[in-house]
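Notes for the one structure printed next.
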Amino acid sequence: MKLLTHNMLACHIKGVKNNYPFLIEATQVEARDADYNPDFLKHIFPRIDWPAFMQGAKSLKCADGLPETATPDMLDNSLFLQKFHHALLEVSIIP
Numbered sequence: 000m001k002l003l004t005h006n007m008l009a010c011h012i013k014g015v016k017n018n019y020p021f022l023i024e025a026t027q028v029e030a031r032d033a034d035y036n037p038d039f040l041k042h043i044f045p046r047i048d049w050p051a052f053m054q055g056a057k058s059l060k061c062a063d064g065l066p067e068t069a070t071p072d073m074l075d076n077s078l079f080l081q082k083f084h085h086a087l088l089e090v091s092i093i094p
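Numbers 0 to 94, taken from numbering that gives the first Met the number 0, label the letters of the sequence shown in order.
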């Protein structure tokens, strides 16, 4: 599972008070190359819950170089986009 998927998941079981984000307790994590597409990153950015994304990135140890808070103007920074791409699409939790 990638952080992109994790960021979109929520628990819909009745009675659950804290349904989002899920905590990640990964035993195996791997990085796989993914095609770099800055246009996709710019398109998906507004849909990402940044605090939840950062929580997941920290638990997978791929948050290096990513800011605690992110703004749309950061999408013009290629270094930010590359780090965002890596954490969002290249790091996977292996079942």
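Where is the CB? At the ideal position from N, CA and C, for every residue including glycine.
Return the first residue and the last residue of the beta strand (DSSP E) that alanine 30 is part of. One-based indexing of the sequence shown puts residue 30 at position 31. Element bounds for alanine 30: 28 to 30.
How about alanine 30 and leucine 88: are their beta carbons less than 8 angstroms apart? Taking the first residue of the sequence shown as position 1, residue 30 is located at position 31. Taking the first residue of the sequence shown as position 1, residue 88 is located at position 89. No, Cβ-Cβ distance for alanine 30 and leucine 88 is not below 8 angstroms.
Measure how close the beta-carbons of alanine 56 and leucine 65 come, nearest whole angstrom, since I'm counting them as under 8 angstroms. To locate residue 56, count along the sequence shown from 1; it is residue 57. To locate residue 65, count along the sequence shown from 1; it is residue 66. The Cβ separation is near 6 angstroms, so the contact holds.
Exposed or buried, what is serine 77 when buried is set at 16 or more other beta-carbons lying within 10 Å of its beta-carbon? The sequence position of residue 77 within the sequence shown is 78, counting from 1. It is exposed - the Cβ of serine 77 has fewer than 16 other Cβ atoms within 10 Å.
Which of helix, strand or coil does DSSP assign to tyrosine 19? Looking up residue 19 in the sequence shown gives position 20. Its pLDDT being 49, under 50, tyrosine 19 is placed unreliably by the model, and the measurement read from it follows with that caveat. Three-state result, tyrosine 19: coil.
Shortest alpha-carbon distance to valine 90 belongs to which of Pro45, Phe44, Thr70 and Leu59? Translated into the one-based positions of the sequence shown, residue 90 becomes position 91. The candidate whose alpha carbon is nearest that of valine 90 is Leu59.
Alanine 86 to alanine 62 span [Cα, whole Å]: As a first step, residue 86 is located in the sequence shown; it is residue number 87 there, counting from the start. As a first step, residue 62 is located in the sequence shown; it is residue number 63 there, counting from the start. Cα to Cα, alanine 86 sits roughly 7 angstroms from alanine 62.
What three-state label does DSSP hand isoleucine 92 in the structure shown? To locate residue 92, count along the sequence shown from 1; it is residue 93. Three-state DSSP puts isoleucine 92 in a strand.
First through last residue of the alpha helix (DSSP H) which encompasses phenylalanine 44: One-based indexing of the sequence shown puts residue 44 at position 45. No alpha helix (DSSP H) holds phenylalanine 44; DSSP gives it neither H nor E.
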